[in-house]
């Protein structure tokens, strides 16, 4: 009997007691490109960056809300342009996609250990006015609940 009491206590510690005791990893739904439900512990900056740059390469503006917060602040430091709100950002992106139909992005590096701030070094390629180009740049991102709230792009 003395051996059964400690075993019963240990077993009770590991049994879930309703929804309040479900492990966080069981509550998190992770999308292919990043996070669907916000979780600082489960956020993968590289996966988010890869998904974001794939979204830009695919030019799929219907999925922009998977990456941008509704009130996103977007700055393109090379051109001096800035946009507020997802609709303005989508309009800017559509203009870029139309001007450079073969625009592509590739992740080179990602710095960020949490889900609040990340830096993404990328390679942008395409053809502008008949001339192929290749540009390296960096996007500094502030995230809220797994979406970009503020982004500044730096390149030459």
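Numbering (the working numbering), first residue to last: 81 to 236.
All C-beta atoms in this analysis are idealised placements derived from N, C-alpha and C, irrespective of residue type, glycine included.
Helix, strand or coil at residue i according to DSSP, with G and I counted as helix
i	result
residue 153	strand
residue 172	helix
residue 166	helix
residue 188	strand
residue 137	helix
residue 148	strand
residue 182	coil
residue 128	helix
residue 123	coil
Assumed close pair residue i, residue j - CB separation to whole angstroms, cut-off 8 Å
i	j	result
residue 198	residue 148	Actually they are not in contact, since the Cβ atoms of residue 198 and residue 148 sit about 14 Å apart, beyond 8 Å.
residue 217	residue 202	6 Å
residue 154	residue 145	At roughly 14 Å, the Cβ-Cβ gap does not stay under 8 Å, so residue 154 and residue 145 are not in contact.
residue 165	residue 175	Contact doesn't hold; Cβ gap of about 16 Å is too wide.
Under 8 Å between C-beta atoms of residue i and residue j
i	j	result
residue 171	residue 133	no
residue 219	residue 233	yes
residue 157	residue 183	no
residue 252	residue 152	This structure gives no information on residue 252, because the portion of the chain shown stretches from 81 to 236.
Beta-bridge partners of residue i, as assigned by DSSP
i	result
residue 232	155, 220
residue 215	204
residue 161	156
residue 197	222
residue 227	224
CA nearest to the CA of residue i, picked from the options
i	options	result
residue 125	176, 196, 152	196
residue 137	173, 222, 165	173
residue 167	215, 160, 178, 143	143
residue 127	178, 213, 214, 193	193
residue 169	191, 188, 189, 139	139
residue 180	210, 223, 230, 231	210
residue 76	231, 235, 222	What is shown of the chain runs 81 to 236, which leaves residue 76 out entirely.
residue 178	130, 141, 160, 223	141
8 Å Cβ cutoff, residue i in contact with chain E
i	result
residue 204	In the structure shown, chain E does not exist; there is a single protein chain.
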